[in-house]
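First up is the structure itself, then whatever we jot down about it.
2 protein chains.
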Amino acid sequence: MGTTIPRTVAVVGTGVIGRSWIRVFARAGCPTRVYDIDPARRDRALDWARASASSDEDLGFVEAGGAAFESGNVESCGSLEEALDGCSWVQESGPETLATKRALYAELDAAAPDAAILASSTSGHDMTEIARDLEGADRCVVAHPVNPPHVIPVVEVLPGRATRPDVVEEALRFLKGVGQSPVEMNRYLPGFLLNRLQAALLREAIALVESAAASVDAIDTVVRDGLGLRWALLGPFGTGHTNADGGAGEYYRVYGDAYRELWDDLAGSDPLSDGVVDRIHAGMEALYGPEAVAALTDWRDRSVRRVRDLKAIDPPPGAAVTDP
Amino acid sequence: MGTTIPRTVAVVGTGVIGRSWIRVFARAGCPTRVYDIDPARRDRALDWARASASSDEDLGFVEAGGAAFESGNVESCGSLEEALDGCSWVQESGPETLATKRALYAELDAAAPDAAILASSTSGHDMTEIARDLEGADRCVVAHPVNPPHVIPVVEVLPGRATRPDVVEEALRFLKGVGQSPVEMNRYLPGFLLNRLQAALLREAIALVESAAASVDAIDTVVRDGLGLRWALLGPFGTGHTNADGGAGEYYRVYGDAYRELWDDLAGSDPLSDGVVDRIHAGMEALYGPEAVAALTDWRDRSVRRVRDLKAIDPPPGAAVTDP
């Protein structure tokens, strides 16, 4: 352990998440080997990654990393063995079924160098289950990114029961080194951190639409032009810390009872019906147009990176914040 | 109704919210009369607003509005009657006790011109209750901002039972005209929209810290460098709309059952204890330093405005989004 960046990385599985990981590792200067059981999908992913790097260079993002493709630092591999040869980090982004994951990890554990860390992009599985029968279970760790990881820096890192503490530490260090914002979760819970927090907010958001308290656009506006602006800079606890002169401690002492009353009043049941899904979709089409998903996603990605640039240029005072 | 901007505005009550409202109306070109029952607080608010406008000009925010102070467009008033004379919008930001609000609204309704809208910054009260005994209950409306309104544009607009629909419409139009992002809520619910959504996320966030699943910093990072980046641009429904090729409808059909499982697993009880509050406060001090609240708040405010500028320069495709 303790290997410094750049590690040699094997990207295994090249769907929407895997292809974005190619960009993360390539632009950080890591020799990046790319494998997929479907060679056509691997080729499409490499084409996408090259075009995406080039597009980001056109947009002025200097760390776009297109040079890695020209210099041969990104390598298309025809077999898993070839991809794993000499690597010290495996980023697995295969199908999200436990049986498939377990079969794949048996192969990875057999063929990857002993010192390599095996990291899974899974959003749903417990590494304890994935690695249950593996000799190398102690080097397996969840490293769950947010889609797409070359744009959104958070990666949730959590151990299985057998994972060695130094593997978790090294995963956090390496992922930070390649420009991500890794966070440590101490144990498995369904949805990890991010999807639990997202689900908590969405349940109330959907319930407010379902009960006709407000429109889809009103809910999105409240978050987009209100809550989200503060949260993108400070997170939920940092937001409270700036909402009382005495900081977070004072905030919760003053507003604790108001929160308790609200918690008793929030939606607790499942608000998701076919009807409300249709209303949400119609609300989105009214706002952004009927065919806008791809263009909206491109806009989101370039805008997120500009927001990150703002934070990098003028970081919060005194902060040991993680986003570079 | 139907008066075009600029209206003449009376800002009544000049605490932290009221003083920020001075800036909103002054920079939009509205003649702005400022009154507080405590003349010293009124003077401090005017000094703060002038200094804040000047500081924003130094930071390059062109719409800072400092000229309004020099041109006499912002007027300090010695009596409520003087402030209300000739105004067509009253922004009330008085104490948050129902009895005080009701007494104040009786005065406002008696003294404000018949055509004036009486808008309350209340974050907790139902206008039905505030205006219950008023002859002019039909012109009273809640216009709840997010602190501070000259930085965060969302304003929640909601009627009491007696409020005329054209008053709500005009409130939305006027607030949008002065550069805010008003959203309409169709009926009163505790916490309105924003504080309900915030409470939903915070309950889970606090519970994750309380159960030692993750650190305070990990939770803030997940939102700050993950969820919040998407939400600040797209809101929760817009985020889902970009997370499936077929948009929001496909997203909820594909992930609906996963959300249902998470909803069953989320914290449902009160997670707020003295112990967890101490941990949150200590986490904030470790991250930002022990004396950082004021400096952090300044950083938040200038950064929020830069994020808003980014969105204004490169708005989402095809969008009728509300933030200017």
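Chain order of the listed sequences is A and B.
Sequential numbering of the first sequence, starting at 1, is according to the numbering used here.
Sequential numbering of the second sequence, starting at 1001, is according to the numbering used here.
Every residue, glycine too, gets a C-beta built ideally from N, C-alpha and C.
Since the model is a prediction, treat every value here as computed from it, not as a measurement.
Residues, ordered as in the chain, of the segment 254-270 of chain A that lie near chain B by beta-carbon distance below 7 Å | 256, 259, 260, 261, 262, 263, 265, 266, 268 and 270
Flag this pair as yes or no: are the beta carbons of residue 193 of chain A and residue 1277 of chain B separated by less than 8 Å?
-> Taking 8 Å as the Cβ cut-off, residue 193 of chain A and residue 1277 of chain B do not qualify as a contacting pair.
7 Å Cβ shell around residue 1019 of chain B - same chain, five flanking residues per side excluded = 1045, 1048 and 1049
Would you grab the beta carbon distance between residue 199 of chain A and residue 1259 of chain B for me? Rounded to a whole angstrom, and I think it's under 8 Å.
-> 6 Å
Report the neighbours of residue 127 of chain A on chain B: residues whose CB is nearer than 9 Å to its CB, in chain order.
-> Within chain B, not a single residue places a beta-carbon under 9 Å from that of residue 127 of chain A; the smallest gap is close to 15 Å.
If you measure beta-carbon to beta-carbon, which residues of the segment 1176-1200 of chain B are closer than 8 Å to chain A?
-> 1181, 1183, 1184, 1185, 1186, 1187, 1189, 1190, 1191, 1193, 1194, 1195, 1196, 1197, 1198, 1199 and 1200
The segment 271-286 of chain A touching the segment 199-208 of chain A, judged by at least three CB pairs closer than 8 Å | As far as the Cβ criterion goes, the segment 271-286 of chain A touches the segment 199-208 of chain A, which means the pair count is three or higher.
Inter-residue Cα distance where the pair is residue 178 of chain A and residue 56 of chain A = 17 Å
Within the segment 175-218 of chain A, ranges of the alpha helix (DSSP H) (whole runs, at least 4 residues) = 194-210
Going by DSSP, which residues form a beta bridge with residue 1159 of chain B?
-> B:1141
By DSSP, does residue 1010 of chain B sit in helix, in strand, or in coil?
-> Residue 1010 of chain B: strand per DSSP, three-state reduction.
For residue 1292 of chain B, which of A:275, A:234 and A:298 has the nearest alpha-carbon?
-> Residue A:234 holds the alpha-carbon nearest to the alpha-carbon of residue 1292 of chain B among A:275, A:234 and A:298.
Spatial neighbours of residue 1251 of chain B in its chain, beta-carbon cut-off 8 Å, leaving aside the 5 residues before and after | 1240, 1241, 1243 and 1244
To the nearest whole angstrom, what separates the beta carbons of residue 1092 of chain B and residue 1104 of chain B, a pair I think is in contact under 8 Å?
-> 7 Å
Of the residues A:150, A:157, A:136 and A:85, the one placed nearest residue 144 of chain A, counting alpha carbons only = A:157
Sheet register partners of residue 1117 of chain B (DSSP bridge) | B:1089
So what's residue 96 of chain A in DSSP terms, helix, strand or just coil?
-> Looking at residue 96 of chain A - three-state DSSP - the assignment turns out to be coil, as it is neither helix nor strand.
Return the bridge partner residues of residue 1071 of chain B from the DSSP annotation.
-> BP columns for residue 1071 of chain B are empty, so no partner.
8 Å Cβ cut-off: residues of chain B touching residue 218 of chain A = 1183, 1184, 1185 and 1193
Contact set for residue 164 of chain A: own chain, Cβ-Cβ below 8 Å, skip 5 residues either direction | Beyond the five residues adjoining it in sequence on each side, residue 164 of chain A comes within less than 8 Å, by CB distance, of 138 and 139 in the same chain, given in chain order.
For the segment 152-179 of chain A, which residues have a CB atom closer than 8 Å to at least one CB atom of chain B, in sequence order?
-> 152, 153, 154 and 156
Compute the Euclidean distance between the alpha carbons of residue 160 of chain A and residue 189 of chain A, then round it to the nearest angstrom.
-> 11 Å
Assign residue 1079 of chain B to buried or exposed, taking buried as 16 or more other Cβ atoms, counted over all protein chains shown, within 10 Å of its Cβ.
-> exposed
So which residues of chain A does residue 1212 of chain B contact, with C-beta pairs closer than 9 Å?
-> 186 and 187
Verify whether the separation of the beta carbon atoms of residue 83 of chain A and residue 23 of chain A is less than 8 Å.
-> no
Show which residues of chain A have a CB atom less than 8 Å away from the CB atom of residue 1089 of chain B.
-> Those within 8 Å of residue 1089 of chain B in chain A number zero; the least Cβ separation is about 21 Å.
To the nearest angstrom, how far is it from the Cα of residue 1009 of chain B to the Cα of residue 1183 of chain B?
-> Residue 1009 of chain B and residue 1183 of chain B: Cα-Cα distance of roughly 20 Å.
For the segment 1213-1267 of chain B, list the alpha helix (DSSP H) runs that are entirely contained and at least 4 residues long, ordered along the chain.
-> 1216-1222, 1228-1241 and 1248-1265
Output yes or no for whether 8 Å exceeds the beta carbon distance between residue 1101 of chain B and residue 1123 of chain B.
-> no
Contact with chain A by residue 1314 of chain B, beta-carbon distance below 8 Å = yes
So is residue 1303 of chain B in contact with chain A if we call contact Cβ pairs under 8 Å?
-> It does; some Cβ of chain A falls within 8 Å.
Drop a sphere of 10 angstroms on the beta-carbon of residue 273 of chain A, count the other beta-carbons inside from all chains shown, and report buried for 16 or more, exposed for fewer.
-> By the 10 Å Cβ count, residue 273 of chain A comes out exposed.
Among A:16, A:149, A:249 and A:136, which one has its Cα closest to the Cα of residue 36 of chain A?
-> A:16
Let me know if residue 1220 of chain B comes out buried or exposed under the rule of 16 or more other beta-carbons within 10 Å of its beta-carbon.
-> buried
In whole angstroms, what separates the C-alpha of residue 1070 of chain B from that of residue 1053 of chain B?
-> 11 Å
For residue 1307 of chain B versus residue 229 of chain A, is the C-beta distance shorter than 8 Å?
-> yes
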